[in-house]
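All residue numbers for the sequence shown refer to the working numbering, where the first residue is 155 and numbers rise by one. C-beta atoms are modelled at their ideal positions from N, C-alpha and C, and glycine is treated no differently. Accompanying notes for the structure given below.
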Amino acid sequence: MQEEFSILIQAQYPLVYMVTSEEERAEQTIATISQSKPQRRVYVWTVTHGIVEYGQPRNVTQHNTVSPEAAIEWVIRHKEPGIFVFKDLHPFYSAPVIRWLRDAIASFKGTQKAIVLMSPVQEIPIELEKEVAVLDFPMPDMGELNHVLSQQLEQVRTRRITTEAREKLLKAALGLTRDEAEKVYRKAQVTAGRLTEEEVDIVLSEKKQLIRRNGILEYVEEDETIDSVGGLDELKRWLKQRSNAFTERAREYGLPQPKGMLILGVPGCGKSLIAKTTSRLWGLPLLRLDMGRVYDGSMVGRSEANLRGALKTAESISPAILFIDEMDKAFAGSTGSADSDGGTSSRIFGSFLTWMQEKSSPVFVMATANRVERLPGEFLRKGRFDEIFFVDLPNSEERKEIFKIHLSKRRREIARFDLDQLANVCDGFSGAEIEQALVAAMYEAFAQDREFTQLDIIAAIKSTLPLSKTMTEQVTALRDWARQRARPAASSVAEYQRMEF
């Protein structure tokens, strides 16, 4: 960004819009660039103090420049080269202010003057769209955060920390502003009395606050490991192969960063759980994108802005996993949304597809879906996702493993249960239905003040009608579609298909 801004200034672009919430850091960058030839003086305008030269006390203000119109007029009359930073001008857009800005742009031709509009939100009047260059000021990189951490260590006179501990603390702070990083490092020091790799969780707590403030994303924490998922061995193997895919070692090897995966399947078969446990397997934060919160009909363009903000937040704390549950419901109406919502869904869908195609940040998209026929075809083409997996109803061995996992969570000794019999009785059940049958059996025994038994579980299974029976046509259609178009998540099916091929 710094190089791009320098080029724009040297090319005499008259108006630049810099989107950032880090005013001090952005001002320092602008001041550094202003020293290149020809040198320019930097002036900063705020509605509270008017125009003040950068580096001067706030009381050294230019006379009567508090109002935007007067400030822009002063800039036009200023003869020397300069960069004029206007902070948070967007609330004051009016016909006179926009006219003054256009007059300033016209008067800057052939001069070394430029106006920089600085704000945390991007609001550009339509009259200025053809004149302005927009730049997103990036978050601090590892080098800048390393400088912040070193300063904090010097202030508290902490003993030298290992290279590994320093790297963990820096990666945990990626996505935070410089001020946020300073504060959270101080918080870790005050809380624990030291600053080592053991305080990484304190640093990550600030990142969770960043997600909560966004409002569209949700920071998901999962205590279960991937071994808590019964079956799906082929899918697990694929994920474990890529557990180090975001490391520098993988880049040096020549591997590209993984883009994402789509998990299709029967409801209740572990699609969402496998997405959540991947976060622990890969050691990356898991961010759930709530599409219901994205849509906002309060004003035109608000929904698109919500999506851009959420994706930008995800990129700022990358590497991360972006989890979209039940994508078929989120984008089901995108193809014909012009009649229902003025085309908002179509624009949201198009923006998301463009981002998936062009993103260079290490954000891995994990999406799940139950109704493949509702998904737009653009999602399913090769290259959009690294792989499309199909999660079918568990087979006998997988049902046995699922019973073993759920019984082990609730009782230490499970030898009294015949897992083979239980697996055979619940043919056609999903993993979620197996768990609910077990819970129902426990409730029955608990109400009678006794320990639950094998017969209680069988009775609960017999009284349950699984989804595979109530929605046979839908499950059959999904299986038929996935047989030739998706990769099976179960190793037994995958091995059979490889042999068949």
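Item                                                                                                                     : Value
Counterpart residues of residue 373 in DSSP-defined beta bridges                                                         : 441
Alpha carbon of residue 232 to alpha carbon of residue 247, nearest angstrom                                             : 22 Å
Local Cβ density within 10 Å of residue 476, reported as buried at 16 or more and exposed below that                     : buried
CA nearest to the CA of residue 272, picked from 181, 257, 221                                                           : 181
Minimum C-alpha distance to residue 612 - residue among 622, 598, 625, 603                                               : 598
CA nearest to the CA of residue 590, picked from 567, 483, 614                                                           : 614
Alpha-carbon to alpha-carbon, residue 384 and residue 574                                                                : 15 Å
The stretch 498-515 touching the stretch 543-556, judged by at least three CB pairs closer than 8 Å                      : no
Uninterrupted alpha helix (DSSP H) stretches inside the stretch 157-244 (no shorter than 4 residues)                     : 177-188, 222-231
Residue 474 versus 527, 412, 416, residue with shortest Cα-Cα distance                                                   : 412
For residue 157, the nearest candidate out of 346, 628, 563, 184 (CA to CA)                                              : 184
Rounded C-alpha distance that separates residue 305 from residue 295                                                     : 16 Å
Inter-residue Cα distance where the pair is residue 577 and residue 155                                                  : 59 Å
Whole-number beta carbon distance between residue 299 and residue 327, since they are thought to touch under 8 Å         : 5 Å
Top-ranked residue by Cα proximity to residue 617, from 592, 531, 440                                                    : 592
Contact between the stretch 166-176 and the stretch 265-283 (3+ Cβ pairs under 8 Å)                                      : yes
DSSP-derived helix/strand/coil call for residue 594                                                                      : helix
Nonlocal neighbours in the same chain, by C-beta distance under 8 Å from residue 540, ignoring five residues either side : 412, 413, 414, 415
Segment contact, 8 Å Cβ cut-off, at least three pairs: the stretch 353-362 with the stretch 387-406                      : no
For residue 636, three-class secondary structure by DSSP                                                                 : helix
Nearest candidate by alpha-carbon position, reference residue 267, set 344, 335, 165                                     : 165
Between the CA atoms of residue 244 and residue 381 - distance to the nearest angstrom                                   : 52 Å
Reference residue 223; option with closest CA among 255, 202, 334                                                        : 255
Own chain, CB closer than 6 Å to residue 427, minus 5 neighbours either side, in chain order                             : 383
For residue 161, the nearest candidate out of 329, 239, 192, 364 (CA to CA)                                              : 192
Residue burial classification, residue 637 (beta-carbon count within 10 angstroms, cutoff 16)                            : exposed
Beta carbon of residue 583 nearer than 7 Å to that of residue 642                                                        : no
Residue 229 and residue 258 closer than 7 Å at C-beta                                                                    : yes
Supposed close pair residue 270, residue 226 - CB separation, criterion 8 Å                                              : Not a contact, Cβ separation roughly 13 Å.
Supposed contact pair residue 544 and residue 418 - C-beta distance, whole angstroms, cut 8 Å                            : 5 Å
Alpha-carbon to alpha-carbon, residue 499 and residue 332                                                                : 36 Å
Residue 425 versus residue 209: straight-line alpha-carbon distance, rounded                                             : 56 Å
CB contact flag (residue 470, residue 516, <7 Å)                                                                         : no
Backbone CA spacing between residue 492 and residue 501 [nearest angstrom]                                               : In this prediction, residue 492 scores a pLDDT of 46, lower than 50, which makes its location untrustworthy; the coordinate-derived value is nonetheless stated afterwards. Taking the straight line from one Cα to the other gives about 10 Å.
Terminal residues of the beta strand (DSSP E) in which residue 502 lies                                                  : Premise fails: residue 502 lies in the alpha helix (DSSP H), 498-512, not in any beta strand (DSSP E).
Residue 600 burial status per 10 Å Cβ neighbour count (16 or more: buried)                                               : exposed
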